[in-house]
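Colleague: Below are the structure tokens for one structure; questions will follow.
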DNA sequence: GGCAATGTACGATTATATTCGTAAAATGAA
DNA sequence: TTCATTTTACGAATATAATCGTACATTGCC
């Protein structure tokens, strides 16, 4: 499995990955239905994208039956980590806390969110 | 000034914007020198990129003297906000606190960072 | 003036992402 | 079996980003 190689999914690929992460596994049709709710594009476009993602190793698939079944081959967490790190570097001059400030400051978080973060903060202080 | 239009700078454009944000204003040469430290590309490539950014309205320039002087025309804060929001939507299912957790959890922050965040958290709790 | 250095403009090329049309195979229902 | 539907494969077209070569103008120095 890819734990080290730096694959950067494009925006379209991320949309597909999000669906796969949510569903666990899905056919092209299922992914497409979900995307089509927001986006406007043809079925074969989604198909082609997923085929390309397969070639890149971003997804795996079970092609034992006619209708292939896809799964993400990169973890949501790793991808988040990778993209957050990149964003911290290029947009926040390497300062993680700056990113946190921005994320928290631009939108008033709920009490639950605040508590969650406080807990994390407490555990980090030790 | 562009406060509403959703301009999305590409990766290369972001690198240039970062330099401009840091320096306040800069010539193509200055930007290029800084980029060349990390990246490997020709002078005219940087020039062309900055010309395109000018056409897009991402930067402004003073061309009254032969050597043009560039400035960012989008604020660092607005750009950060925009990209963070997008990331929250597509990668964190809309949960800001999830992003914060990821940002803090994947790397041990310094005491100073923790204090900064604690302060922000305190002020938000009110 | 002549010339090297530096700058901009701009077209051309390359790379990559995205979209879609069409063909062919598999499936299932009448 | 026959035919409509669903699916994959794949090539081609389109869009956008990134890189560079070359031409030409300006500047400053000899």
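Protein chains in written order, with our numbering: chain X, 1 to 126; chain D, 1 to 126. We put the CB at the ideal spot given by N, CA and C, even for glycine.
Output the distance between the C-alpha atoms of residue 83(X) and residue 66(D), rounded to the nearest integer angstrom.
Modeller: Here residue 83(X) refers to the residue found at position 83 of the first chain. Here residue 66(D) refers to the residue found at position 66 of the second chain. Their Cα atoms are separated by approximately 39 angstroms.
Colleague: Using a Cβ-Cβ cut-off of 8 angstroms, state whether residue 117(X) counts as contacting chain D.
Modeller: In the first chain, counting from the first residue as 1, residue 117(X) sits at position 117. Yes, contact with chain D.
Colleague: Determine the direct distance from the alpha carbon of residue 62(X) to that of residue 16(D), and round the result to whole angstroms.
Modeller: Sequence index remark: in the second chain, residue 16(D) carries index 16 (1-based). Sequence index remark: in the first chain, residue 62(X) carries index 62 (1-based). Rounded to the nearest angstrom, the two C-alpha atoms are 43 angstroms apart.
Colleague: So, with DSSP's three-state summary, where would you put residue 66(X)?
Modeller: As a first step, residue 66(X) is located in the first chain; it is residue number 66 there, counting from the start. Coil.
Colleague: Quick check: is the beta carbon of residue 13(X) nearer than 8 angstroms to any beta carbon in chain D?
Modeller: Taking the first chain and counting its residues from 1, one reaches residue 13(X) at position 13. No, because no Cβ of chain D sits closer than 8 angstroms to the Cβ of residue 13(X).
Colleague: Using DSSP bridges, identify the partner residues of residue 71(D).
Modeller: Position 71 of the second chain, counting from 1, holds the residue named residue 71(D). According to DSSP, which records beta bridges pairwise, residue 71(D) is partnered with 60(D).
Colleague: Could you work out which residue in 78(D), 102(D), 91(D) and 105(D) is closest to residue 105(X) when comparing CA atoms only?
Modeller: Residue mapping note: residue 105(X) aligns to position 105 of the first chain, counting from 1. When only C-alpha atoms are compared, the closest one is 78(D).
Colleague: Quick check on residue 46(X): buried or exposed, where buried means 16 or more other Cβ atoms within 10 Å of its Cβ?
Modeller: As a working note, residue 46(X) is residue 46 in the first chain. Buried, since its Cβ has 16 or more Cβ neighbours within 10 Å.
Colleague: Against chain D, with Cβ distances strictly below 8 angstroms, would residue 120(X) count as a contact?
Modeller: One-based indexing of the first chain puts residue 120(X) at position 120. Answer yes: the Cβ-Cβ gap between residue 120(X) and chain D drops below 8 angstroms somewhere.
Colleague: Can you tell me whether residue 75(D) is buried or exposed, with buried defined as 16 or more other CB within 10 angstroms of its CB?
Modeller: Numbered from 1 along the second chain, position 75 holds the residue referred to as residue 75(D). Exposed: under 16 other Cβ atoms inside 10 Å.
Colleague: Taking only beta carbons into account, state which residues of the stretch 96–110 of chain X come closer than 9 angstroms to chain D, listed in chain order.
Modeller: 96, 97, 98, 99, 100, 101, 102, 103, 104, 105, 106, 107, 108, 109 and 110
Colleague: By Cβ distance below 8 angstroms, which residues in the same chain neighbour residue 7(D) in space, the five residues on each side in sequence not counted?
Modeller: Start at 1 with the first residue of the second chain, and residue 7(D) comes out as number 7. The residues are 56, 57, 58 and 74.
Colleague: If you draw a straight line from the alpha carbon of residue 43(X) to that of residue 91(D), how long is it in whole angstroms?
Modeller: What you label residue 43(X) is simply residue 43 of the first chain in a count that begins at 1. What you label residue 91(D) is simply residue 91 of the second chain in a count that begins at 1. A straight line joining the alpha-carbon of residue 43(X) with that of residue 91(D) spans about 23 angstroms.
Colleague: Taking only beta-carbon positions, decide if residue 54(X) is within less than 8 angstroms of chain D.
Modeller: Mapped onto the first chain, residue 54(X) falls at position 54. Residue 54(X) does not count as touching chain D.
Colleague: Would residue 25(X) and residue 70(X) qualify as a contact pair, given that the criterion is a beta-carbon distance under 8 angstroms?
Modeller: If you number the first chain from 1, residue 25(X) lands on position 25. If you number the first chain from 1, residue 70(X) lands on position 70. Yes, these two residues count as a Cβ contact at 8 angstroms.
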